[in-house]
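Working notes for the structure below.
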Amino acid sequence: MVAAGNVQSPEKRDELIRQGLKGVVMHEVGHTLGLRHNFKGSTQLKLEDLNNPDQAKQHGMLSSVMDYDPVNIVPSGTTQGHYFTPTIGSYDVWAIQYGYSEFSGSEEEQLGKLAARSGEDGLAFATDEDAEGIDPDPLAVAFDLGKDPIAFAERQARVVSELLPNVVNRMSKDGEDYVLARRAFNVLLATHGQAMANAARFIGGVNTSRSHKGDKGAQPPLLVADVAQQRRALELVLQQIFSDKPFQVPVEVYHHLAPSHWSHWGTDPPLRADFPIHDIIGMWQSRVMSQLLSPLVLQRILDNELKVPADQDAITVAELLQRLTTSVFAEVETVQAGEYTNRKPAVSSLRRALQRELLRRLSDLALGNTLAPEDCRTIAYAELSNLRTRLTAVLDKANKGEGLSLDSYTRAHLVDTAARIDKVLASGISRDRL
1 MVAAGNVQSP EKRDELIRQG LKGVVMHEVG HTLGLRHNFK GSTQLKLEDL
51 NNPDQAKQHG MLSSVMDYDP VNIVPSGTTQ GHYFTPTIGS YDVWAIQYGY
101 SEFSGSEEEQ LGKLAARSGE DGLAFATDED AEGIDPDPLA VAFDLGKDPI
151 AFAERQARVV SELLPNVVNR MSKDGEDYVL ARRAFNVLLA THGQAMANAA
201 RFIGGVNTSR SHKGDKGAQP PLLVADVAQQ RRALELVLQQ IFSDKPFQVP
251 VEVYHHLAPS HWSHWGTDPP LRADFPIHDI IGMWQSRVMS QLLSPLVLQR
301 ILDNELKVPA DQDAITVAEL LQRLTTSVFA EVETVQAGEY TNRKPAVSSL
351 RRALQRELLR RLSDLALGNT LAPEDCRTIA YAELSNLRTR LTAVLDKANK
401 GEGLSLDSYT RAHLVDTAAR IDKVLASGIS RDRL
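Residue numbers for the sequence shown follow the numbering used here, so the first one is 1 and each next one is one higher.
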């Protein structure tokens, strides 16, 4: 058993570095042999099997070393296996057989037999042009791990939450500055954000296969992602990225995230010496929101509604926009009676910033300023209208002194939000979309 990220001993650090270097060498040798990236290589095993050292040593942790795999760091209370895969995978062997085997009979026939195995477990393939953020397959991503990438994102959130509060003590020794602590804090936020961005790919996702007709075990080339997985991913994103709770660390941590003061050739001082926490968190929230509300993703969700039989469940545009609005503006429904102050506001600064970001996205949708389908515009308009009604109820309660006294920040934020919504509702659709 190990604590999360417990690689501080020299022996464990050396082992992690050795395994990482071996993984890089295997990957790059694969390129020299003509192999392209395979971003489905990381989905070979369940998370629990990844840390079985015997299984990993014999079969590898990946079906292909041509993936970009993250370091395998487990949370506390979990047995730590290999940090990186110790050997090549089943896809790598198959691809090399196809490219380099010598045949005594018909080469075309023998190659055809090899290629027809594409539907077998461990031989799935997706490369660079399949793995962009706008691409549909949630399994074709970099830096995920395991057969269930959502479970991996959940695990990454646990690891980050364990490491963030103590990052200064772990990374800074007596006599040293705090540069490594600041760098590690950034890396942990990026690890968390990347995991949630990958999970968000499931929402509106379409599983893809490059198998040909007649290949044994082949899946359809395009299959709408499982609805339960989509909702599970949405719930995770709402809890882990569109919330301020995962980013609550002891304030003393921020007091020690100092930059380097060593100015030399090749280095640029940061724009701010203090840590810009709102900007960094807001950046990751914006990236994930851009994924979910991308016109292409919204088009795909609307298309998926037709591709799933009407008597079967499916994620809809209406559900997505409603869940996003309700969750991001949750305080409008959940604010408790009481007296709030500017130091203990009803809506925190991180939440206010997130709400403004969603308001801008919904306003653009409602005004027809994006390439999203018209159904998205009308749903966004309706969500803004409903939100305006709920905002009015909260402000009226506070104005009448019915047990609710809002702080200056929250009151100004709610008044401003209501006024912005009024302008959107009054202006209607933009002229060029009439």
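Cβ atoms here follow ideal geometry from the backbone N, Cα and C, with glycine treated the same way.
With 16 other Cβ atoms within 10 Å as the buried cut-off, status of residue i
i	result
Val-29	exposed
Ala-426	exposed
Leu-306	exposed
Leu-371	exposed
Pro-250	exposed
Thr-43	buried
Gln-58	exposed
Thr-470	Residue coverage of the chain in this structure runs from 1 to 434, which leaves residue 470 outside it and unanswerable.
Asn-386	exposed
Val-424	buried
Val-332	buried
Phe-103	exposed
Gly-112	exposed
Arg-232	buried
Tyr-100	exposed
Pro-53	exposed
Ala-310	exposed
Thr-334	exposed
Pro-466	Coverage of the chain is limited to positions 1 through 434, which leaves residue 466 absent and any answer about it impossible.
Gly-478	No answer is possible for residue 478: the residues shown for the chain start at 1 and end at 434.
Glu-240	The residue asked about is misnamed: residue 240 is Gln in this sequence, not Glu. By the neighbour-count rule (16 or more Cβ atoms within 10 Å), Gln-240 is buried.
Tyr-254	exposed
Gly-175	exposed
Pro-165	exposed
Residue i and residue j closer than 8 Å at C-beta
i	j	result
Ala-181	Val-160	no
Pro-295	Phe-202	no
Arg-411	Ala-393	no
Gln-156	Tyr-83	no
Glu-120	Lys-216	yes
Leu-292	Ala-142	no
Asp-244	Leu-350	yes
Arg-376	Leu-365	At residue 376 the sequence reads Cys, which differs from the Arg that was named. Their beta carbons are under 8 Å apart, which means Cys-376 touches Leu-365 by this criterion.
Gly-403	Ala-346	no
Asp-128	His-37	yes
Asn-72	Leu-145	yes
Lys-40	Ala-140	yes
Pro-373	Gln-322	no
Gly-204	Ile-379	no
Pro-269	Pro-259	yes
Ile-421	Leu-384	yes
Leu-320	Ile-301	yes
Ser-327	Leu-271	no
Leu-45	Lys-173	no
Tyr-409	Asn-304	no
Beta bridge counterpart(s) of residue i as assigned by DSSP
i	result
Val-224	Val-206
Gly-282	DSSP output for Gly-282 lists no bridge partner at all.
Ser-404	Reading off the sequence shown, one finds Leu at residue 404, where the question assumed Ser. For Leu-404, which the question treats as bridged, DSSP gives the partners Gly-338.
Whole-number beta carbon distance between residue j and residue i, since they are thought to touch under 8 Å
i	j	result
Val-206	Val-308	Val-206 to Val-308, Cβ: 11 Å. No contact.
Ala-151	Leu-257	Rounded, the Cβ-Cβ distance is 31 Å, inconsistent with contact.
Leu-406	Tyr-340	6 Å
Met-26	Ile-88	6 Å
Trp-284	Leu-189	7 Å
Residue-chain proximity (residue i, chain B), Cβ-Cβ < 8 Å
i	result
Ser-294	Checking the listed chains, one finds no chain B in this structure; it contains a single protein chain.
Distance cut-off 7 Å: residue i Cβ against heavy atoms of the ligand COA
i	result
Lys-57	No copy of the ligand COA occurs in the structure displayed, which carries no ligand at all.
Own chain residues within Cβ distance below 8 Å of residue i, not counting five before or after
i	result
Ala-116	His-212, Gly-214, Asp-215, Lys-216
Asp-313	Val-227
Gly-23	Val-65, Asp-69, Phe-84, Thr-85
Leu-123	Ser-63, Ser-90, Tyr-91, Trp-94, Arg-117
Ala-126	Asn-38, Phe-39, Lys-40, Asp-137, Leu-139, Ala-140, Thr-208, Arg-210
Lys-400	none
Glu-357	Gly-282, Gln-285, Ser-286, Met-289
Ala-418	Arg-388, Leu-391, Thr-392, Leu-395
Contacts around residue i, its chain only, beta-carbon distance under 7 Å, and the 5 residues preceding and following it disregarded
i	result
Leu-222	Val-206, Thr-208
Phe-329	Gln-355, Leu-387
Arg-431	Bear in mind that a pLDDT of 49 at Arg-431, under 50, signals an unreliable position, so the model cannot answer this.
Ala-153	Ala-195, Met-196, Asn-198, Ala-199, Leu-236
Thr-191	Gln-156, Val-160
Gly-34	Gly-99
Cβ neighbours of residue i in the same chain (closer than 6 Å, five flanking residues each side left out)
i	result
Val-2	Unreliable positioning characterises Val-2 in this predicted model, as indicated by a pLDDT of 41, which lies under 50. The coordinate reading is nonetheless provided below. The residues are Gln-80.
Arg-352	His-413
Gly-282	Ala-353
Gln-230	Phe-202, Ile-203, Ile-315
Ala-318	Ile-379
Val-297	Gly-204
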